[in-house]
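Top to bottom, those sequences are chains A and B.
Residues in the first sequence are numbered consecutively from 1174, following our numbering.
Residues in the second sequence are numbered consecutively from 1174, following our numbering.
Notes follow the structure.
2 protein chains.
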Amino acid sequence: MSRRSGILEFAVLGLLRESPMHGYELRKRLNTSLGIFRAFSYGTLYPCLKTLVASGWLIEEPGSVPAPPATGRGVAPASSLAGRRAKIVYRLTAEGKEHFEELLSHTGPDAWEDEHFAARFAFFGQTEREVRMRVLEGRRSRLEERLEKMRASLARTRERLDDYTLELQRHGMESVEREVRWLNELIESERSGRDQRRSSPESSSQEDTTGETGGLPRHRDHTRPDPSDDTK
Amino acid sequence: MSRRSGILEFAVLGLLRESPMHGYELRKRLNTSLGIFRAFSYGTLYPCLKTLVASGWLIEEPGSVPAPPATGRGVAPASSLAGRRAKIVYRLTAEGKEHFEELLSHTGPDAWEDEHFAARFAFFGQTEREVRMRVLEGRRSRLEERLEKMRASLARTRERLDDYTLELQRHGMESVEREVRWLNELIESERSGRDQRRSSPESSSQEDTTGETGGLPRHRDHTRPDPSDDTK
DNA sequence: AATTTCATGTAATTCGTTACATGATTCC
DNA sequence: GGAATCATGTAACGAATTACATGAAATT
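Here's what the structure looks like:
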C-alpha cells in the first residue's frame, strides 16, 4: 500500500480537481492558496505525482496549458498552441475523482491533527456539511483534550518553573483556547444555516437546511492508538 | 559532523543543566515542562543521548536518582529512595555545560523558526539579555516577513477563493499577528527594566517585586485552580 | 500472581529536505 | 546574448516515528 503522505496526496488531488495543472504551478498553489500549508519541495512533489499517476488517479498530458492566466500581458505569442512542450499537465481521472471523494468523506482520527486538519478545512468547499461538522467537532475535542493536559501539567509544575517557561506555556494555552473559540464560531455558523460569516459573498450550497439539521454532535472514535503517549 | 537534531540536543542539554535525569523522566519534561514542545519518542531520545555521551557532553551514571521529584501522588512511600537501579542517570559534563552555553549565545537564522524559537525561549532564564533581545527581534521580523507574504498572496487571489479557504487564511494571519503583538510586549518588557538575571542557576535572588517595570508582561492567570475548578 | 508503570533500547520505515543536474522560456 | 524565472527531475541524506523487544519495580 505504501501509504503515501496523506496530506500532500490529498491536497494535490483536491487542487487538481478544481483544474488541471503542472507541477510547478501546483506547488505554488500548495504554498500560497491554501492557508496554513508549509512549503513542499519539488523533491517531494514530483515523486508524489508519479505515484499518483501510477495509482491511476492522475494522467499526464503533455503541454498546452488550457488558459494562460489572465495577467494582462499584451504579448501572448501565437506559437503557444503547438510550441508548448516539456510541461506536464496533470489531470484527475475518474478514479482519482472518486478516490478524492472518498478521502473527503472519510473522517479518521488523523483528521484532527494540526496539518491534516488545515488540509481538510481548505477543501471544505467540496465537503458535505455533515462531514464538515464531524471534522470541526473532532478537531475541537482534540484541542480540548490537549488543553486539559496542558492545564494539568501546569498545575503540577507551576512552582518549579521560571517566568519564561511559564509565559511560554501560558501563551501556548492561550493560542489553543483561541482556536477553540474559532471552532465554536464555525460550528455555530454551520449549525445555523451557514452563510453569515464576516465578508462572505457567496454560498455554493445545495442543501435545503430544514430546521432540524443541527449537526448532531457525534462524539465517538476516541480510539487513537498512541503507543507512547504520556502526559496523562 | 553528523548534525544531530539541534532542537532535541539543545533541549536535552538545557534540561540536564538544571539537574541530572534519566531518559524516561527527561522525555516527560520535554513534553510537558517546556511549553510548545512536541512529544519526542524514545526512539529519538535514546539514540540522541548516546551521541551526546559520545561527544563528551554527558556522562552516564548508574542508579539512585538524587531527588525523587515531588509528584504530588499522595502515597510516596519512603522505600523508593535507596532501591533504585538499572536506571541510567545522565549528567552534564563541564564540556557539555560549555557547549550549551555556546549554543545559548549563538543566534543563527535557524533560531527564529517555530520550534527552534520555542526551544530557545524555554531557556531564556539561562540566556543573557542581549541574546534574548536578538532572538525575540529576529523572531518578530521573521513573522512580519511571513505576514507580508500572506497579505500579498491574499491580495492576489482573493476573488478566486471560496469562503472556507479565505477564512482559513484569515485565521492564519490573525494568529501570526497575535504572536507579533505578544513579541512586542515581551520586547517592550525586556527593554524597560528587568535586571538582567545572568545565568547562575544558584543564588538567583528573586525578589521580583512584581512592579510595573521588570518582569514579564502580566497576563490574567486563568490557570490557577480557582476554588470551584476541579479540572479532573 | 498478575498487571501496570517505569525504563531502556533497536530495526525498519515514513516523510520530507537539500543539493545537484538539466533544460526551456521570457524579459531586458 | 544574458539573466531571471519557469519547469522537471534524482540521489543522498536527515529527522523522527512506529513497531518491536526486553526487563525491573511498584501496585493491586
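We treat Cβ as the ideally placed atom computed from N, Cα and C, and that holds for glycine.
Segments assigned alpha helix (DSSP H), at least 4 residues, entirely inside the region 1176-1215 of chain B: The qualifying runs are 1180-1191 and 1196-1204.
The beta strand (DSSP E) enclosing Arg1264 of chain A, as first and last residue numbers: Taking the first residue of the first sequence as 1, we reach residue 1264 of chain A at position 91. Counting along the chain, the unbroken beta strand (DSSP E) around Arg1264 of chain A starts and ends at Ile1261 to Leu1265.
Test: Ser1278 of chain A CB closer than 7 Å to a CB of chain B: Looking up residue 1278 of chain A in the first sequence gives position 105. No - not a single Cβ of chain B is within 7 Å of the one on Ser1278 of chain A.
Residues that Ile1360 of chain B bridges to, as DSSP identifies them: As a working note, residue 1360 of chain B is residue 187 in the second sequence. For Ile1360 of chain B, which the question treats as bridged, DSSP gives no partner whatsoever.
Ser1206 of chain A: contacting residues in chain B (beta-carbon distance under 9 Å): For the purposes of this step, residue 1206 of chain A is taken as residue 33 along the first sequence, with counting starting at 1. Within chain B, the residues near Ser1206 of chain A are Ser1326, Thr1330, Arg1333, Leu1334, Thr1338 and Gln1342.
Listed by chain order, chain B residues near Phe1294 of chain A by CB distance under 7 Å: Within the first sequence, residue 1294 of chain A is the residue found at index 121, counting from 1. What Phe1294 of chain A touches in chain B: Tyr1337 and Leu1341.
The region 1325-1345 of chain B contacting the region 1197-1206 of chain A, beta-carbon criterion three pairs below 8 Å: Cβ pair count under 8 Å is three or more, so yes.
Closest residue to Arg1315 of chain A among A:Leu1334, A:Leu1341 and A:Ala1284 (Cα-Cα distance): To locate residue 1315 of chain A, count along the first sequence from 1; it is residue 142. The residue from A:Leu1334, A:Leu1341 and A:Ala1284 with its alpha-carbon nearest to that of Arg1315 of chain A is A:Ala1284.
Three-state class that DSSP yields for Val1225 of chain B in the structure shown: Residue 1225 of chain B sits at position 52 when you count from the first residue of the second sequence. The identity of residue 1225 of chain B in the sequence shown is Leu, whereas the question assumes Val. Under the three-state reduction of DSSP, Leu1225 of chain B is assigned to helix.
Short CB-CB distance (under 7 Å) between Gly1139 of chain B and chain A: Any question about residue 1139 of chain B goes unanswered here, given that chain B covers just 1174 to 1405.
Between the CA atoms of Thr1217 of chain B and Glu1318 of chain B - distance to the nearest angstrom: In the second sequence, counting from the first residue as 1, residue 1318 of chain B sits at position 145. In the second sequence, counting from the first residue as 1, residue 1217 of chain B sits at position 44. So the alpha carbons of these two residues sit roughly 32 Å apart.
C-beta atoms of Phe1294 of chain A and Leu1341 of chain B nearer than 7 Å: As a working note, residue 1294 of chain A is residue 121 in the first sequence. As a working note, residue 1341 of chain B is residue 168 in the second sequence. Pairing Phe1294 of chain A with Leu1341 of chain B gives a Cβ-Cβ distance under 7 Å.
Buried versus exposed, by CB contacts within 10 Å (16 or more), Glu1268 of chain A: Here residue 1268 of chain A corresponds to residue number 95 of the first sequence, with the count starting at 1. Glu1268 of chain A should be labelled exposed.
Cβ separation of Cys1221 of chain B and Val1262 of chain B, assumed to be a contact under 8 Å, to the nearest whole Å: As a working mapping, residue 1221 of chain B is identified with position 48 in the second sequence. As a working mapping, residue 1262 of chain B is identified with position 89 in the second sequence. For a cut-off of 8 Å, the C-beta gap from Cys1221 of chain B to Val1262 of chain B is around 16 Å, too long to register as a contact.
Interfacial residues, the region 1343-1365 of chain A to chain B, with Cβ spacing under 9 Å: Going along the region 1343-1365 of chain A in chain order, one finds Arg1343, His1344, Gly1345, Met1346, Glu1347, Ser1348, Glu1350, Arg1351, Glu1352, Trp1355 and Leu1359 with a Cβ nearer than 9 Å to chain B.
Alpha-carbon spacing of Glu1271 of chain B relative to Arg1391 of chain B, whole angstroms: As a first step, residue 1271 of chain B is located in the second sequence; it is residue number 98 there, counting from the start. As a first step, residue 1391 of chain B is located in the second sequence; it is residue number 218 there, counting from the start. Each residue's CA atom was taken as its position, placing Glu1271 of chain B and Arg1391 of chain B some 33 Å apart.
Residue burial classification, Glu1361 of chain A (beta-carbon count within 10 angstroms, cutoff 16): What you label residue 1361 of chain A is simply residue 188 of the first sequence in a count that begins at 1. A residue is called buried once 16 or more other Cβ atoms fall within 10 Å of its Cβ, and Glu1361 of chain A, having fewer, is exposed.
Beta-carbon proximity check, Leu1406 of chain A vs Arg1202 of chain A, cutoff 7 Å: What the structure shows of chain A is the stretch from 1174 to 1405, and residue 1406 of chain A is not part of that stretch, so it cannot be assessed.
Anticipated Cβ contact below 8 Å, Gln1299 of chain A with Leu1277 of chain A, distance rounded: Within the first sequence, residue 1299 of chain A is the residue found at index 126, counting from 1. Within the first sequence, residue 1277 of chain A is the residue found at index 104, counting from 1. Between Leu1277 of chain A and Gln1299 of chain A the Cβ distance is about 6 Å, and since that is below 8 Å, they are a contact.
Simplified DSSP state of Pro1235 of chain A, which is helix, strand or coil: Along the first sequence, read from residue 1 onward, the residue named residue 1235 of chain A stands at position 62. Note: Pro1235 of chain A maps to strand in three-state DSSP.
Best match in A:Ala1325, A:Gly1196, A:Arg1211 and A:Glu1182 for proximity to Ser1228 of chain A [C-alpha to C-alpha]: Mapped onto the first sequence, residue 1228 of chain A falls at position 55. Ranked by Cα distance from Ser1228 of chain A, the options A:Ala1325, A:Gly1196, A:Arg1211 and A:Glu1182 are led by A:Glu1182.
Residue-level contact to chain A via CB, Leu1188 of chain B, 7 Å cutoff: Here residue 1188 of chain B refers to the residue found at position 15 when the second sequence is read from its first residue. With 7 Å as the cut-off, Leu1188 of chain B does not count as an interface residue toward chain A.
Straight-line gap, Arg1200 of chain A to Leu1356 of chain A (C-alpha atoms, nearest Å): Here residue 1200 of chain A refers to the residue found at position 27 of the first sequence. Here residue 1356 of chain A refers to the residue found at position 183 of the first sequence. About 28 Å.
Residue-chain proximity (Gly1179 of chain A, chain B), Cβ-Cβ < 7 Å: Within the first sequence, the letter at position 6 stands for residue 1179 of chain A. No, because no Cβ of chain B sits closer than 7 Å to the Cβ of Gly1179 of chain A.
Any chain A beta carbon closer than 7 Å to Leu1225 of chain B: Looking up residue 1225 of chain B in the second sequence gives position 52. With 7 Å as the cut-off, Leu1225 of chain B does not count as an interface residue toward chain A.
Contact list for Ala1184 of chain A against chain B, beta-carbon separation under 9 Å: Along the first sequence, read from residue 1 onward, the residue named residue 1184 of chain A stands at position 11. Within 9 Å Cβ-Cβ: nothing; Ala1184 of chain A doesn't reach chain B, min ~12 Å.
Exposure label - Glu1321 of chain B; buried when at least 16 CB within 10 Å: For this step, residue 1321 of chain B is matched to residue 148 along the second sequence. Glu1321 of chain B is exposed by the Cβ-count criterion.
Best match in A:Ala1325, A:Ser1178, A:Gly1345 and A:Arg1190 for proximity to Phe1213 of chain A [C-alpha to C-alpha]: For the purposes of this step, residue 1213 of chain A is identified with residue 40 of the first sequence, where counting begins at 1. It is A:Ser1178 whose Cα lies nearest to the Cα of Phe1213 of chain A.
Sequence-distant residues of its chain with Cβ nearer than 7 Å to Pro1193 of chain B (five each side left out): Working through the second sequence from its first residue, we reach residue 1193 of chain B at position 20. Here the set comprises Pro1239, Val1262, Tyr1263 and Arg1264.
His1289 of chain A, enclosing alpha helix (DSSP H) - first and last residue: What you label residue 1289 of chain A is simply residue 116 of the first sequence in a count that begins at 1. It spans Asp1287 to Ala1295 - the alpha helix (DSSP H) in which His1289 of chain A sits, taken as one unbroken run.
For Val1353 of chain A and Arg1302 of chain A, believed in contact at Cβ under 8 Å, the rounded distance: By one-based count along the first sequence, residue 1302 of chain A stands at place 129. By one-based count along the first sequence, residue 1353 of chain A stands at place 180. With 8 Å as the limit, Arg1302 of chain A and Val1353 of chain A do not qualify as a contact, their Cβ atoms being about 21 Å apart.
Short CB-CB distance (under 7 Å) between Leu1222 of chain B and chain A: Against the second sequence, residue 1222 of chain B aligns to sequence position 49. With 7 Å as the cut-off, Leu1222 of chain B does not count as an interface residue toward chain A.
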